[in-house]
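Mind the numbering: the sequence shown is residues 35 to 113 in my numbering, read in order.
In this text, a Cβ means the ideal position worked out from N, Cα and C, and glycines have one as well.
First the structure, in the form of structure tokens, and then the observations on it.
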Amino acid sequence: MLSTLAKRYSDLVFGNPTIVISFLLLFVVFFAWHAQNFRLDASADSLLLADDPDLEFSRQINTRYGVRDSVLVAYTPEG
Numbered sequence: 035m036l037s038t039l040a041k042r043y044s045d046l047v048f049g050n051p052t053i054v055i056s057f058l059l060l061f062v063v064f065f066a067w068h069a070q071n072f073r074l075d076a077s078a079d080s081l082l083l084a085d086d087p088d089l090e091f092s093r094q095i096n097t098r099y100g101v102r103d104s105v106l107v108a109y110t111p112e113g
């Protein structure tokens, strides 16, 4: 069955190159046109939930101690 499907695909692609290239060109043009409307907001405000309890705790600590520096602790267990 796979060889039959592969043969049909091969016949379609190599037998009608103009149609295949036209379809791919339309596909690329369509997505290129809509790419101008693509906006990615990766700011910290958009990545955090407004009602996140850890965020609220962090804000309380920052307010209490006035420290806004981050500390990264990494631990690698033996084994």
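Endpoints, alpha helix (DSSP H) assigned at residue i
| i | result |
| --- | --- |
| residue 78 | 78-81 |
| residue 98 | 87-99 |
Coil, strand or helix - residue i by DSSP
| i | result |
| --- | --- |
| residue 45 | helix |
| residue 62 | helix |
| residue 54 | helix |
| residue 39 | helix |
| residue 108 | coil |
For residue i, the nearest candidate out of the options (CA to CA)
| i | options | result |
| --- | --- | --- |
| residue 105 | 58, 113, 112, 96 | 96 |
The ligand GDP heavy atom lying under 7 angstroms from the CB of residue i
| i | result |
| --- | --- |
| residue 60 | Because no ligand of any kind appears in the structure shown, any question about the ligand GDP cannot be addressed here. |
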